[in-house]
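**Q** Residues in the sequence shown are numbered from 1 upward in steps of one, following UniProt numbering.
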Amino acid sequence: KIGQDTMITHEVSAETPGNVVGPRDFVSVRCAKRRGSTCFLAGMSTQHAGMPEQKGFV
Numbered sequence: 001k002i003g004q005d006t007m008i009t010h011e012v013s014a015e016t017p018g019n020v021v022g023p024r025d026f027v028s029v030r031c032a033k034r035r036g037s038t039c040f041l042a043g044m045s046t047q048h049a050g051m052p053e054q055k056g057f058v
């Protein structure tokens, strides 16, 4: 469930000099929980209708 502790993010990176690695975009779901002094972070690649594949990105 998307909420205070869980979010969907969209990151975009530019191509590298000489276009060795082309521009890329990433859609991820991330979750952060705190238990006492310990922080748990988890994330993985996902697909989301609000963030469709974009032309020109790998």
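Ideal Cβ positions, reconstructed from N, Cα and C, are used throughout, including at glycine. Predicted model only: the values in this text are computed from it and were never measured.
Check Gly43 in the structure and name its three-state DSSP category.
**A** Three-state DSSP puts Gly43 in a strand.
**Q** Compute the Euclidean distance between the alpha carbons of Gly22 and Gly56, then round it to the nearest angstrom.
**A** Whole-angstrom Cα-Cα distance: 9 Å.
**Q** At 3 residues or longer, and completely inside the UniProt domain "START" (1-58): list those beta strand (DSSP E) runs for me, N to C.
**A** As far as the UniProt domain "START" (1-58) is concerned, its whole beta strand (DSSP E) runs of at least 3 residues are 6-13, 24-35, 38-45.
**Q** Thinking C-beta only, is Gly43 closer than 8 Å to Arg24?
**A** Not a contact, by the Cβ cut-off of 8 Å.
**Q** Pop quiz: Ser45 and Ser28 are said to be a contact at Cβ under 8 Å. What is the actual Cβ separation, rounded to whole angstroms?
**A** Indeed, because the Cβ distance is near 6 Å, the residues count as touching under 8 Å.
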